[in-house]
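See structure below.
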Amino acid sequence: MKKKRRTQSHQEHDNSYKQLFSHPRMVKDLLQGFIPQKWVTQLDFRTLSKVSGHYVSEDLRDREDDIVWKVRRHSQKDEWLYIYLLIEFQSSVDHFMAVRMMVYIGLLYQDLIKTEVVSGSQLLPPVLPLVLYNGEDRWYAVREISELITPFPAELEKHCPHLEYLVMDERHDYSDEQLSSQSNNLAANLFHLEKSRTKSETQQALSLLIKWLKTAPPSLRVAFKTWLKRVKLPRHLPKVLLPEFIDLQEIETMLATSTENWLEESKKEGRKEGLKEGRKEGKAHFLMGLLEDKFGPLNHEIKATILRLTEPRLLECAKRLWTAQTLQDVIKPEKT
Numbered sequence: 017m018k019k020k021r022r023t024q025s026h027q028e029h030d031n032s033y034k035q036l037f038s039h040p041r042m043v044k045d046l047l048q049g050f051i052p053q054k055w056v057t058q059l060d061f062r063t064l065s066k067v068s069g070h071y072v073s074e075d076l077r078d079r080e081d082d083i084v085w086k087v088r089r090h091s092q093k094d095e096w097l098y099i100y101l102l103i104e105f106q107s108s109v110d111h112f113m114a115v116r117m118m119v120y121i122g123l124l125y126q127d128l129i130k131t132e133v134v135s136g137s138q139l140l141p142p143v144l145p146l147v148l149y150n151g152e153d154r155w156y157a158v159r160e161i162s163e164l165i166t167p168f169p170a171e172l173e174k175h176c177p178h179l180e181y182l183v184m185d186e187r188h189d190y191s192d193e194q195l196s197s198q199s200n201n202l203a204a205n206l207f208h209l210e211k212s213r214t215k216s217e218t219q220q221a222l223s224l225l226i227k228w229l230k231t232a233p234p235s236l237r238v239a240f241k242t243w244l245k246r247v248k249l250p251r252h253l254p255k256v257l258l259p260e261f262i263d264l265q266e267i268e269t270m271l272a273t274s275t276e277n278w279l280e281e282s283k284k285e286g287r288k289e290g291l292k293e294g295r296k297e298g299k300a301h302f303l304m305g306l307l308e309d310k311f312g313p314l315n316h317e318i319k320a321t322i323l324r325l326t327e328p329r330l331l332e333c334a335k336r337l338w339t340a341q342t343l344q345d346v347i348k349p350e351k352t
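Structure below.
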């Protein structure tokens, strides 16, 4: 297969995600939170163990972005289910992903036979082919490999390969309400952070994540910190040099206090509405945009109130925005 060019940011994203989903808690939360099927409830997640992917040769893969896990069912001590998790962070959808999945699963089966994990009259274990996708476009590629093959006579149906992979499209398949309702699910928290566009949304999602990470293993906290530092925060704080050693609480504080640079960001956010940079009206319109991102459309009275605010008051309102629960928490009456 032809290798695709990948940016450094894509590489950072893939590597940090591979770190995250190398933890059993993340895989457990992923399956329990996003596959509402009976067989998931029958899995004994205490048996989750990672499987080496060395059998996939370098010339057959675009990059080392796949993770393989196995887990037993509660009532079947000798039966394993394999989960082939492919992390896909390319800017475009792979039309032939079904072919890739069929090749990878075939290689997995070959390795199980070669290493005598399966031998003699034993049956091969079931494999869940799962694509974790985070592209801007909705995933539109065919998921069943037989649909990629030219139609043929009905008599040949049984000779046609059949394999359908599962896609979790983080940006498009799950609503904010669905993700926020699973506040104790770390995979849902991750997806929620991925979907957040504004600093306000990111601040709220990050606070929730930090709360639940307090009981997570140290290595998982480190993996989340790495993803935040190298992937998520650079989008919101592009000109801030983050220290090499920083904990999650410091990251949360840094994001909240970064409001002081909000005027510079207004130049990039398209909120100027034709006004010159630095004019008070331009700053007021930018604040309106932030408020609408968080609370929805503003009425004429609120807009008029904001336009009357002085520049220091506008900045005070912007600082309160990150922790505010209501619009009134931001536009507080001036103390007399």
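17 is the number of the first residue of the sequence shown in the working numbering; add one for each residue after it.
Every residue gets a Cβ at the ideal spot worked out from N, C-alpha and C, and that includes glycine.
Straight-line gap, residue i to residue j (C-alpha atoms, nearest Å)
{"i": "I103", "j": "H316", "result": "46 angstroms"}
{"i": "L59", "j": "F207", "result": "23 angstroms"}
{"i": "V133", "j": "I121", "result": "15 angstroms"}
{"i": "D153", "j": "K245", "result": "25 angstroms"}
{"i": "V143", "j": "L182", "result": "11 angstroms"}
{"i": "K130", "j": "V56", "result": "29 angstroms"}
{"i": "G49", "j": "L195", "result": "9 angstroms"}
{"i": "I51", "j": "H188", "result": "16 angstroms"}
{"i": "S212", "j": "E327", "result": "28 angstroms"}
{"i": "L128", "j": "L97", "result": "13 angstroms"}
{"i": "Y9", "j": "H175", "result": "Past the edges of the chain, shown from 17 to 352, lies residue 9, and the structure says nothing about it."}
{"i": "E180", "j": "W155", "result": "14 angstroms"}
{"i": "V84", "j": "Q341", "result": "41 angstroms"}
{"i": "K319", "j": "N201", "result": "38 angstroms"}
{"i": "Q92", "j": "R41", "result": "22 angstroms"}
{"i": "L101", "j": "L123", "result": "14 angstroms"}
{"i": "R89", "j": "M118", "result": "24 angstroms"}
{"i": "L229", "j": "L46", "result": "16 angstroms"}
{"i": "C333", "j": "L314", "result": "15 angstroms"}
{"i": "K292", "j": "G151", "result": "Note that K292 has pLDDT 46, beneath the 50 cutoff, so the model's placement of it is unreliable and the number below is only indicative. Their backbone Cα atoms lie some 35 angstroms apart in a straight line."}
{"i": "L330", "j": "I347", "result": "9 angstroms"}
{"i": "M184", "j": "T321", "result": "43 angstroms"}
{"i": "K34", "j": "R237", "result": "14 angstroms"}
{"i": "A170", "j": "N31", "result": "44 angstroms"}
{"i": "G136", "j": "T231", "result": "44 angstroms"}
{"i": "F168", "j": "L139", "result": "30 angstroms"}
{"i": "E193", "j": "R116", "result": "33 angstroms"}
{"i": "Q53", "j": "M304", "result": "43 angstroms"}
{"i": "L172", "j": "T214", "result": "53 angstroms"}
{"i": "L148", "j": "L325", "result": "46 angstroms"}
Contact check, residue i vs residue j, beta carbons under 8 angstroms
{"i": "E160", "j": "A114", "result": "yes"}
{"i": "I99", "j": "L146", "result": "yes"}
{"i": "H39", "j": "S197", "result": "no"}
Sequence-distant residues of the same chain with beta carbon closer than 7 angstroms to residue i, five excluded per side
{"i": "K44", "result": "F61, L64"}
{"i": "E191", "result": "It should be pointed out that residue 191 corresponds to Ser in this sequence rather than to Glu. For S191, where only same-chain residues beyond five positions count, there are no Cβ hits under 7 angstroms."}
{"i": "L209", "result": "T218, A221, L222, L225, K248"}
{"i": "R77", "result": "Interpretation of R77 is limited by its pLDDT of 45, a score under 50 that renders its predicted location unreliable; the figure taken from the coordinates is listed afterwards. So the list is empty, once near-sequence residues are dropped."}
{"i": "S216", "result": "L306, D309, K310, L337, W338"}
{"i": "A157", "result": "V109, D110, H111, M113"}
{"i": "D345", "result": "R336"}
Close beta carbons around residue i, own chain, < 6 angstroms, minus the five adjacent residues each side
{"i": "P177", "result": "I161"}
{"i": "L343", "result": "F311"}
{"i": "S199", "result": "L224"}
{"i": "V67", "result": "V84, K86"}
{"i": "E186", "result": "N150, F207, E210"}
Chain-order list of residues whose beta-carbon lies under 8 angstroms from that of residue i (same chain, five-residue window excluded)
{"i": "L323", "result": "E297, A300"}
{"i": "P141", "result": "K86, E95, W96, L97, Y98, L128, V134"}
The ligand ADP heavy atom lying under 7 angstroms from the CB of residue i
{"i": "P141", "result": "You won't find the ligand ADP in this model; it holds no ligand whatsoever."}
Next on the checklist: If we require 4 or more residues per run, which alpha helix (DSSP H) segments fall completely within the region 107-157?
Outcome noted: Assignment of alpha helix (DSSP H) within the region 107-157, counting only whole runs of 4 or more residues, yields 113-130 in chain order.
Checklist entry - Which whole runs of the alpha helix (DSSP H) in the region 171-212 are 4 residues long or more, in chain order? => result Here the runs fully enclosed are 192-196, 202-211.
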